[in-house]
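First comes the structure, then the notes that go with it.
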Amino acid sequence: MGQIYSVIARPFRNFNIENRAFKVLEKRKTEPHSAPKHPTTVKILSRVREENPELFKKEDVKHEQLNENLKKVFVESKDPIAQPSTEKKSLPISRHPFEDSELGVMDVDYPIPEGKATLRTVFNFLGQHRLNPEQVTASSIAAEHKLDLAKVEHVLNHFKIFNLYIPDEMMKTSSMRKAVQEQLEMAKSHPGFIHVPGVPKLAEAIDDKAQTLNSNTSESLNTSGTKT
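To convert, note that position 191 of the sequence shown is 1252 in the working numbering; the numbers rise steadily by one, no gaps.
Quick look at the structure:
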């Protein structure tokens, strides 16, 4: 029923719609209207209008002297007019990818104040302390890098460098050793991978591991052959 009513009422609703719209627009031009105000704002304005009617009367009176003064005001600029540059300079272009450092945003290239240490320095003395804890002590590290002894002791106690453990079963054949080496080489590209000075590199560690296993295997074979 509603659909039938809308079909019947539509021609009457749209009758002469353009002329009616133009009349509304013309009325708005001749009779300006301000934007609708919030009810609380209307109450405040009405109260102010009642208490100070002279303020609103001044808005309706044209201030002739003020208009004359405004006609005498001019703005003069003495600055030279900036001319657009016609030179076409070639901008520097670099198509090489940005190579990030080992430590990324944690790496610094500016002088470190006394009593502080970079993350790279901390990794270095952690690796040296792990390899030779009797000589590379907390006191020697603090004296060399001018650090607080108590803080160095806390670092040595609570921070360690991970040890890489490779099971012996993964080093028995050359194909398995090659697969392990490929995986470790891929790990080098990770931002968190850092080579600590004094610690054997991956390839050297794999070769040493393989040689140790081969020598142990040959010794066991020789021993078993001798007993036989």
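Quick reminder that beta carbons are idealized off the backbone N, C-alpha and C, glycines included.
Next on the checklist: Taking only three categories from DSSP, how would you classify GLY1188?
Outcome noted: Mapped onto the sequence shown, residue 1188 falls at position 127. DSSP places GLY1188 in helix when its eight states are reduced to three.
Item to check | Opening and closing residue of the alpha helix (DSSP H) in which LEU1208 lies | outcome: Against the sequence shown, residue 1208 aligns to sequence position 147. It is not in any alpha helix (DSSP H) - LEU1208 carries neither H nor E in the DSSP assignment.
Next on the checklist: According to DSSP, simplified to helix, strand and coil, what is HIS1215?
Outcome noted: The count along the sequence shown starts at 1 and reaches residue 1215 at position 154. Helix at HIS1215.
Item to check | Exposure of MET1237, with buried meaning 16 or more beta-carbon neighbours within 10 Å | outcome: Position 176 of the sequence shown holds residue 1237. Classification for MET1237: exposed.
Next on the checklist: Here's a check: name, in chain order, each residue in its chain whose Cβ is nearer than 6 Å to the Cβ of ALA1203, leaving out the five neighbours to either side.
Outcome noted: Counting from one through the sequence shown, the residue named residue 1203 turns up at place 142. Contacts found: LEU1210, VAL1213.
Checklist entry - Whose CA, out of LEU1187, HIS1206, LYS1150, lies closest to the CA of PRO1172? => result Here residue 1172 refers to the residue found at position 111 of the sequence shown. Comparing Cα-Cα distances from PRO1172 to each of LEU1187, HIS1206, LYS1150, the minimum goes to HIS1206.
Checklist entry - Among GLU1137, LEU1180, PRO1114, which has the Cα closest to the Cα of MET1167? => result Start at 1 with the first residue of the sequence shown, and residue 1167 comes out as number 106. Out of GLU1137, LEU1180, PRO1114, LEU1180 has the C-alpha closest to the C-alpha of MET1167.
Item to check | DSSP-derived helix/strand/coil call for ARG1081 | outcome: Position 20 of the sequence shown, counted from the start, is the residue given in the question as residue 1081. Reduced to three states, the DSSP call for ARG1081 is helix.
Checklist entry - Around the Cβ of ALA1199, are there at least 16 other Cβ atoms within 10 angstroms (buried) or fewer (exposed)? => result For this step, residue 1199 is matched to residue 138 along the sequence shown. Buried.
Item to check | Rounded straight-line distance, which links the Cα of GLU1129 to that of VAL1109 | outcome: For the purposes of this step, residue 1109 is taken as the residue at position 48 of the sequence shown. For the purposes of this step, residue 1129 is taken as the residue at position 68 of the sequence shown. Going by the C-alpha atoms only, they are around 30 Å apart.
Next on the checklist: So for ILE1202, helix, strand or coil by DSSP?
Outcome noted: If you number the sequence shown from 1, residue 1202 lands on position 141. If DSSP states are grouped into helix, strand and coil, ILE1202 belongs with the helices.
Item to check | Where SER1155 falls: helix, strand or coil (DSSP) | outcome: The count along the sequence shown starts at 1 and reaches residue 1155 at position 94. Coil at SER1155, not helix or strand.
Next on the checklist: Classify MET1247: buried if its beta carbon has 16 or more other beta carbons within 10 angstroms, exposed otherwise.
Outcome noted: In the sequence shown, the residue the question calls residue 1247 occupies position 186. Label assigned to MET1247: exposed.
Checklist entry - In chain order, what residues of the same chain lie with their CB nearer than 8 Å to the CB of ILE1105, ignoring the 5 residues before and after it? => result Position 44 of the sequence shown holds residue 1105. So no residue of the chain qualifies.
Checklist entry - What is the C-beta distance between ARG1191 and ILE1222, in whole angstroms, given that I count them as a contact (C-beta under 8 Å)? => result Mapped onto the sequence shown, residue 1191 falls at position 130. Mapped onto the sequence shown, residue 1222 falls at position 161. Indeed they touch by this definition, with Cβ atoms about 6 Å apart.
Checklist entry - Run through DSSP, which three-state label would ASP1168 get? => result Indexing the sequence shown from 1 puts residue 1168 at position 107. DSSP places ASP1168 in coil when its eight states are reduced to three.
Item to check | Segments of 4+ residues assigned as alpha helix (DSSP H) that fall wholly inside the stretch 1119-1154 | outcome: 1125-1132
Checklist entry - GLU1246 CB to nearest chain C CB: under 7 Å? => result Judged by its chain identifiers, the structure shown contains no chain C, having just a single protein chain.
Item to check | Assigned secondary structure, PHE1117 (DSSP; H/G/I helix, E/B strand, else coil) | outcome: Within the sequence shown, numbered from 1, the residue matching residue 1117 stands at position 56. Helix at PHE1117.
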